[in-house]
Structures are given as structure tokens and as C-alpha cells.
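Notes to accompany the following structure.
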Ligand SMILES: NC(=O)c1ccc[n+]([C@@H]2O[C@H](COP(=O)([O-])OP(=O)(O)OC[C@H]3O[C@@H](n4cnc5c(N)ncnc54)[C@H](O)[C@@H]3O)[C@@H](O)[C@H]2O)c1
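Numbering (the numbering used here), first residue to last: 382 to 762.
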């Protein structure tokens, strides 16, 4: 039996927003990718509420549901565990899953702190299991093309960059508290929620960070305990974070994240300048990667100089087959590609990529940013 003919059973921990997205991505694999593909079976889902478990069984198609994730780990027919729970549960659940011999696909952030992430990355390395983090934005064709250009030396030496990941969902002071606004359950606010995505992407493109100087701010300091409640609870995480970054070669950059950027929807963007060229990307215009080749000659009327837009659209290489290279790309397709890469890594006995080590590296940057904000000083990563 080839690896592709093996049945891979899935256990989903958490069936909220992301639990549904990961399940949809698994169900999509046979339509989106050419055969041969491994046979995927959605076996068990774990969620706390009766309503979520019922949904997982009825629309998710899971064979059984449970409020206790250990029931998934005990099953021999489950080899893949997806972790889609609040951040504070990732460490315990990932460690238990790896110890039970499972491959793990864990949504971001890997953990609450770098210390926790380090334990997870160490165990993942020792286990020989495939452990991957859901930094799905890496899997946008324009971002993959950016990485290809960086690897080909298109940029030359990195000189500077600026990046942002901006959302606006938290502007309404009546938005009630949730696990995403409590430090003990989320670790941090915009920094871990959005910052982990953009920090991972920038680090993937320009390399490891040397130092950061960051400021985190909570703009709405109290919110209703529940929807419609007059009882207020203190928000213990940041709404916005901004950091200056220094790379080992002295290059400087900035990263800004916000859950309160009026007018933003899914505003992830970057501009990177190097000694030979520059690239720019905007997730709200994700079909294109903008590139500037500084080796092209200038001249009368501009010669050949200027920004160009590469039509990355949905130009994923085979085995991608649906919906085809000319169709515009979108958020769910990045998740499907990210999950496909996890499954391919599992069947080919490869470590995950982005790995738990990548998740740890991002977490170290976030920890340094928090420490810098508290001290007001630059912090080495
Ligand atoms: N990559 C992305 O695009 C993306 C987007 C949003 C969220 N996330 C991440 O995904 C994770 C989940 O976020 P979400 O928005 O889906 O949250 P959510 O609140 O919508 O869902 C959380 C789920 O976890 C379950 N849960 C809570 N406590 C549990 C426990 N003790 N045992 C088992 N299950 C438990 C809940 O029942 C619920 O089904 C977070 O780490 C978040 O940062 C990633």
C-alpha cells in the first residue's frame, strides 16, 4: 500500500470558527488536488457545547463527538490531530497528542509564551511526528512567489521593510469580553492574534529578527462581561501593537497590528526593499505581487524602470487542479493549501513547515515585544 492509499483519520479539537474551517479544508482536498491523495476520514470532534458537537456531527460529518479530547487521542484510527481551541489550551493538547503518537496541526499562536512554545517544539522534534502551525497566509500564491523571489536573490541584501496586519472588529465598546480579551486565555491581544501571522510572514521573507522596540496599547479598557450586560470587566490584552525591528545585518523595519483600525477588514500588507529590488503585497488585493527590479536600466522616458504587478492569481503548481490558475484567490483557499501541505508532510515523513520551531521563533519575538513595551527599551530576541 502506498502512503497515498493509507487512510488518515482526523480528530478535531475545537469546533468553533477555525474547527469548521479546518474541517472544510479536509473535506475539500479530493476536489482541489489531483489524485493520488490519501484518503481522509473525519472521525472525531471535540467541543464543549452540545450545539457545537451537534453541528460537528451533522454538518461536519464527524462519526462521533465528545467533550473530552482524550477520547480522540485514545483512538487508533485517528492519526491527525487538529488543535482549534483557545490559545491557552494549545500546549496541553499538543503535548498530549504528540505523546499519544499523533501528528499535530495547531492553529496559531503556538502557545501563550515562548517558554511554553519551546517545550512543544522540543517534544515535536524528538517525536518524529509531523507538527505544523497554521500560518496559512504563507500559502497565498503571491506570498509564495515573494518567497521564491527572495530565495532567487531578487531583493539582494535587505535594507528596510514595513508591514501591518489591521482589523477593525473591536472598535465597538459594546463588544463583549471573550477568551480573546483575557491574558490568561489568549496570552496577548492583537499581538498574538494578528501579529503572529505577519511576524511569521516577514521572518519567512527577511530572516530572523535581532532586536525589537515595541509598544502595546489597550484602548478600550473595560467591556461588558457578556453581550448586553451592564457589568464591566477589565480587558487585559492589547488592542494595538507597533514595533520597530532590527535585523542582524542592521536593516530596519516596522510592524503594526491592530484590532481597532477603522476601515480595515483583513488588511495584511508589506513592503520590503533590498539592494537590488523591492516587493510589495496587500492581502486585500491578493491576486498580485508588486515587484520593482532595480537592475533594469533607466533612461529616456524611464527606460525599463518601474513597478510591475505579477499575476499570481491562483497559480498553484500541480497537484492543485480546482478551481484553476485563472480564478481569483481567497482566504479559504490559503487554508486548504496550508492543510494540504500538512497532509503531504505527514505522508512523506517530513517535519511540518511552518514547523513548531517557526511557531516558537514567532513567540520569542512576541515575548520580546511585550518585554520591550513594559520596559520602554529595545529587547534582543
Ligand atoms: N489561522 C486563522 O485564520 C485563525 C483565525 C481565527 C482564529 N485562529 C486561531 O484558532 C484557534 C481557535 O479560535 P476560534 O476563533 O476558532 O475560537 P472559537 O471560540 O470560535 O472556538 C473555540 C472552540 O474550542 C472549544 N473549546 C474551548 N475549550 C475547550 C476545551 N477545554 N476542550 C475542548 N474544546 C474546547 C470550544 O467549544 C469551541 O468549539 C485560536 O488559537 C485562534 O488564535 C486562527
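Glycine is no exception: its CB is placed at the ideal position from the N, C-alpha and C atoms.
Quick check: does the Cβ of residue i come within less than 7 Å of any heavy atom belonging to ligand 1?
i: residue 488; result: yes
i: residue 400; result: yes
i: residue 805; result: No answer is possible for residue 805: it lies beyond the span of the chain, which begins at 382 and ends at 762.
i: residue 451; result: no
i: residue 579; result: no
i: residue 479; result: no
i: residue 751; result: no
i: residue 705; result: no
i: residue 459; result: no
i: residue 476; result: no
i: residue 429; result: yes
i: residue 484; result: no
i: residue 717; result: no
i: residue 548; result: no
i: residue 467; result: yes
i: residue 396; result: yes
i: residue 517; result: yes
i: residue 574; result: yes
i: residue 470; result: yes
i: residue 617; result: no
i: residue 433; result: yes
Identify every residue that forms a DSSP beta bridge with residue i.
i: residue 690; result: 671
i: residue 592; result: 627 and 761
i: residue 462; result: 392 and 485
i: residue 601; result: Residue 601 pairs with nothing; no bridge assigned.
i: residue 546; result: 638 and 649
i: residue 655; result: 539
i: residue 457; result: Per DSSP, none; premise fails for residue 457.
i: residue 736; result: 513
i: residue 614; result: 604
i: residue 622; result: 597 and 638
i: residue 633; result: 541 and 627
i: residue 660; result: 653 and 672
query = Does the stretch 544-560 come close enough to the stretch 637-647 to have 3 or more Cβ pairs within less than 8 Å?
reply = yes
task = Kindly confirm or deny that the stretch 735-751 and the stretch 496-505 touch, where touching means at least three C-beta pairs closer than 8 Å.
result = yes
ask   = Is the stretch 593-600 touching the stretch 720-737, taking contact as three or more C-beta pairs under 8 Å?
value = no
task = Any chance you could list the beta strand (DSSP E) runs of at least 3 consecutive residues sitting entirely within the stretch 698-726, in chain order?
result = none
task = Decide yes or no for the touch test of the stretch 462-470 against the stretch 432-444: beta carbon pairs closer than 8 Å, at least 3 of them.
result = no
task = Could I get the ranges of all uninterrupted beta strand (DSSP E) runs contained in the stretch 399-455, with 3 residues as the minimum, in chain order?
result = 420-427 and 445-447
ask   = Is it a yes or a no for the stretch 549-566 touching the stretch 701-721, going by three-plus beta-carbon pairs under 8 Å?
value = no
key: In chain order, each beta strand (DSSP E) run of at least 3 residues that lies wholly inside the stretch 483-535   = Counting whole runs of 3 or more residues, the stretch 483-535 contains the beta strand (DSSP E) stretches 484-488 and 512-515.
query = Is there contact between the stretch 478-493 and the stretch 508-526, where contact requires at least three CB pairs shorter than 8 Å?
reply = yes
ask   = Are there three or more Cβ pairs, one per stretch, closer than 8 Å when the stretch 622-633 is compared with the stretch 600-608?
value = Flag = no, the stretch 622-633 and the stretch 600-608 do not touch.
query = Is the stretch 654-667 touching the stretch 516-534, taking contact as three or more C-beta pairs under 8 Å?
reply = yes
request  = Would you be able to state if there are at least three C-beta pairs under 8 Å between the stretch 445-460 and the stretch 753-761?
outcome  = When Cβ pairs closer than 8 Å are counted between the two stretches, the stretch 753-761 is seen not to touch the stretch 445-460, the count staying below three.
message = With three or more beta-carbon pairs closer than 8 Å as the criterion, would you say the stretch 425-433 touches the stretch 387-399?
response = yes
task = Pair every Cβ in the stretch 551-559 with every Cβ in the stretch 603-622, then say whether three or more of these pairs are closer than 8 Å.
result = yes
message = Three Cβ pairs or more, each shorter than 8 Å: is that satisfied between the stretch 576-584 and the stretch 685-692?
response = no
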